[in-house]
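Protein chains in written order, with my numbering: chain P, 1 to 314; chain L, 1001 to 1314. Beta carbons: idealized from backbone N, C-alpha and C, even for Gly. What follows is a short report on a single structure.
Printed below as a string of structure tokens:
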């Protein structure tokens, strides 16, 4: 069983980039050919809608798999369509793993100990069914919310230790109002640094051969100064960095999150890549009908942009 | 369209109790007759397992519906069985609503604005499908996590305002490590009071005719002193109070959460009621075969216990 952080870093090295792609499929933003196909073929049913977002997600996976180490499907965009949507989420996770990608489920779960155990077992563990153990959601790692403290995280740490899984704890999020609670100063430092200390403690016994812990941190690219302070407090954590691209952050904003040796991050872009057909210059060059080429071009541009500041550790 | 807090308070008055029942079905704790039936009939398949927890949950609803205003299904215990488990969650929510119960989905979701919109629309709102609007999960209210701040809550507030839905924001949780982040002192007061202030602001424009807001707070019964301070800061919020019973809190511990007029709370018990057949005195009196009677007896005892400190506002 390989340590998650080792696995993630090996894949980053193999692809030569820290870029990962967020899968946030929204029906109303899908390229017209896909919307039309599923609206028409199934009379605009819920199953047709969900087929469209599943097909779109799987095509995205086909396009990005040769280029990136991981994808980050956002479960909310499947959960909004009820259990039928979540059936598609499960299929997308499996599809991505078969394509050789590491899957980081962006689920942001967090609950008290006995309930957290149910989430951790369902997403990262195995459930006893008919005398054998079965995996349910099958992500390699998930994002978790720290507000309920250590006993809400411990069941996930069991999966980290025993099954080579990973977690990314929300430390400083990329959204405008992330500061409201996370930046409050408590006992001499902001809440996000208290959380960072907890993350360091939670991850202390899952540090792999490459010196990184499988307990990582979500640190928004939209707050570079905070990222610098969190990196100082958490030298061994892998940072999952959202906010690049559509949320406004640039490669330059990532410097604080990256270690001096050029390692330690995965940089996520969701809308900026998967809906590239809707923005310049890809919109003009490819349009909706060649949306797949728009996705690939946008991803290649992101990888090139990141290469200016990220050594990839190689 | 009736305000959620008004609806909840009317039901509390009608039943004469603030008790509600948490539906946390765990296969290994189910009464033997149910486990045997579904293990045998379906060869211990995943669908058999999920049928057992769905049937159990629906029987619980039948038993408690005459006595309480609401049930609180915990989605994690369904989600751990993948999308098949979540199909059962959806069925349980519908079943409870048909039984005349208010359903508080204990989902503890929380994400950045555009993603929070997906959660809020899926759980409390309507999705456009084939030219009409369809409800997906159909809860009356859900629990939410405040760590990401206002833009993560706003999409839920839209459903509160436009569709008479409710939310309960985690303020001070009942678990042992809830204090780690929530009790940190920041700018002269603990984090949970900062969150309470946000909750008051978020709920200011959804106060109903009975003087309560549809934006409530989750405040653990296991922390009575904190509950008193939160109540002082949040006079108009309905408190969803977990921790009574199996987690160790008593009726006396609830005093701080209840307003001087005897109103303002719903008190949840999950394991203490639904698995009453596993604990004294119900275990001895009813055993596993008469588990339904154990549930009813435990619930009646809880209601009696709460009546000593809770006026129900009548």
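Under the 8 Å Cβ criterion, the segment 1225 to 1235 of chain L counts as touching the segment 1251 to 1263 of chain L, having at least three qualifying pairs.
The three-state reading of DSSP puts residue 1244(L) in strand, counting E and B together. Within the segment 106 to 132 of chain P, the complete beta strand (DSSP E) segments at least 3 residues long are 127 to 129, listed from N- to C-terminus. Chain L has no Cβ within less than 9 Å of the Cβ of residue 253(P).
Taking the Cα positions, residue 220(P) is about 46 Å away from residue 1035(L). By the Cβ-count criterion, residue 1280(L) is exposed, with fewer than 16 other Cβ atoms from all chains shown falling within 10 Å of its own Cβ.
Assignment of beta-bridge partners to residue 1135(L) by DSSP yields 1126(L).
Ranked by Cα distance from residue 1236(L), the options 1269(L), 1265(L), 1245(L) are led by 1265(L). It is roughly 46 Å from the alpha-carbon of residue 1050(L) to the alpha-carbon of residue 282(P).
What residue 1185(L) touches in chain P, judged by beta-carbon distance under 7 Å, is 186, 187, going in chain order.
The beta-carbon of residue 229(P) is placed no less than 9 Å from the nearest beta-carbon of chain L.
In the displayed model, residue 90(P) falls within a helix according to three-state DSSP. Legend: CB atoms of the segment 64 to 94 of chain P lying less than 7 Å from CB atoms of chain L belong to residues 74, 76, 77, 79, 80, 81, 82, 83, 86, 87, 90.
Bridge pairing for residue 269(P): 21(P) [DSSP]. The beta carbon of residue 121(P) falls within 9 Å of a beta carbon belonging to chain L, placing the residue at that interface. When secondary structure is reduced to three states using DSSP, residue 1288(L) falls in the coil class, being assigned neither helix nor strand. With contact defined as three or more Cβ pairs closer than 8 Å, the segment 20 to 40 of chain P and the segment 62 to 74 of chain P are in contact. For residue 1137(L), at least one C-beta of chain P is nearer than 9 Å to its own C-beta. Sequence-distant Cβ neighbours of residue 270(P) in its own chain, meaning closer than 6 Å and more than five residues away, are 22, 24.
Taking 9 Å as the CB threshold, residue 182(P) lines the interface with chain L.
At a cut-off of 9 Å, the C-beta of residue 1115(L) has a neighbouring C-beta in chain P. Residue 1250(L) counts as exposed, since fewer than 16 other C-beta atoms from the protein chains shown sit within 10 angstroms of its C-beta.
Chain-order list of chain L residues neighbouring residue 276(P): empty, with the shortest C-beta distance near 17 Å, by a criterion of under 7 Å. Buried is the label assigned to residue 1086(L), since at least 16 other Cβ atoms lie within 10 Å of its Cβ. Per the C-alpha coordinates, the member of 303(P), 55(P), 106(P), 247(P) positioned closest to residue 92(P) is 55(P).
Minimum Cα-Cα distance from residue 1133(L) among the listed residues 1160(L), 1267(L), 1125(L) corresponds to 1125(L). C-alpha of residue 84(P) to C-alpha of residue 47(P): approximately 7 Å in a straight line. With a beta-carbon spacing of about 21 Å, residue 181(P) and residue 1242(L) fall beyond the 8 Å limit used to define contacts. At a cut-off of 9 Å between beta carbons, residue 1140(L) makes no contact with chain P.
The contact set of residue 1045(L) on chain P, defined by CB atoms closer than 9 Å, consists of 129, 130 in chain order. Proximity of residue 149(P) to chain L, defined by a Cβ-Cβ separation below 9 Å, is satisfied.
Counting C-beta pairs with one atom in each stretch, the segment 299 to 311 of chain P and the segment 1140 to 1157 of chain L have fewer than three that are closer than 8 Å, which means they do not touch.
Straight through space, the alpha carbons of residue 53(P) and residue 45(P) are spaced by roughly 13 Å. The beta carbons of residue 1218(L) and residue 1206(L) sit no closer together than 9 Å. Here residue 17(P) is actually not in contact with residue 193(P); their C-beta atoms are around 29 Å apart, not less than 8 Å. The beta carbon of residue 1031(L) lies closer than 6 Å to those of 1277, 1288, 1291 in the same chain, with the five residues before and after it left out.
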